[in-house]
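Numbering-wise, the sequence shown is residues 61 to 326 according to this note's numbering. Backbone N, C-alpha and C fix where the C-beta goes; we use that ideal spot for every residue, glycine too. Data first, discussion second: the structure below is written as structure tokens.
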Amino acid sequence: MLALCLISTPRTKSKTQTAYTQPKTVQVSINSEAALLITDGEGKRLGFDTEKQTVVNEIAGASVNYETRFPVYLLPSDNSSKPYTILISGKSLKSKVETNLTLTGPGFLVGFKGIHLNALENLNATVSLDGKQLSFTAGQSSETPTLSYAVSAGHGKPSYKFEVSTLKLSQGKLVATTLDLFAGRLFFKDDDEKRNKYSVMIRRTNPDGTRSVYQRRDISFGASDNYVIEYGKWDGRGAICFKVYGGKAFDQSACVEMPNEAAPVP
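Put into structure tokens, the structure is as follows:
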């Protein structure tokens, strides 16, 4: 798992000059021979264009580190929440692989665990470089990865790990998650016509080092697969409030208390 170090580098040339700070970046990596092509909201790209068989870098301030076993793609940190599209290509693979796509940035580690990629297949994921929004489009096998977050809420506040998964979606259908740290809510949904069951894991690490874990499987209670978890109100032991998300008025939606299936943390 990759770690990102942010370093403030003072380089004072005179008493009137202010200190310089090294720009913050987001690292993107995949632990397999799959090729990545990252496209920003303006259509600019970084990575390997499998159609033209060439490396491209059209994003200002971006670069690729080839000194590791698998390339690491470095993007300037972007707080605009505009999604980046990541094409995951298996055109160079000789057989199917299971791989993980990871993004590491200021205060977060997010990604897609257990991507099933066939040889010659292309898959698509989208991310926001603030680490809050993730989505994945199911491919030929219909198998979908676990969408995961590891985030810090700030000094003196708990840090969290979240995992959301559904076993399969129809080919071409999308699963998406959005994390709202300020409100203490996690949204997840898909656009598949058939109903799907979800599993959710939440691990909270408190400032004193103690941990609480929530686990729930086979979540499927709404008319559609579009939910919000009120994790910020969780007591660290029992049930968590789930709601069907129907837009801005979801605050008035009925709260479904889903019991905790996780074993107690010693």
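- Selection Gly216, Ser208 and Leu169 evaluated against Val235 yields Ser208 as nearest (Cα-Cα).
- Ser123 has its alpha-carbon roughly 5 Å from the corresponding atom of Leu134.
- If you draw a 10 Å sphere on the C-beta of His176, you find 16 or more other C-beta atoms in it, and that means buried.
- Between Tyr220 and Arg271, the gap from beta carbon to beta carbon reaches 7 Å or more.
- Contact check between the region 250 to 259 and the region 272 to 281: three or more CB pairs, one atom from each, fall below 8 Å, which counts as touching.
- Boundaries of the beta strand (DSSP E) harbouring Leu194: Gln193 to Thr197, taken from the DSSP string.
- Residue pairing of Ile279 in beta bridges, as defined by DSSP: Tyr258.
- In the three-state scheme derived from DSSP, where H, G and I count as helix and E and B as strand, Gly171 is classed as strand.
- In the pairwise beta carbon analysis, the region 158 to 169 is classified as touching the region 179 to 196: at least three pairs are separated by under 8 Å.
- A residue is called buried when at least 16 other Cβ atoms come within 10 angstroms of its Cβ; Asp250 meets this threshold and is buried.
- Inter-residue distance for Ser92 and Leu183 is about 14 Å (C-alpha atoms, whole angstroms).
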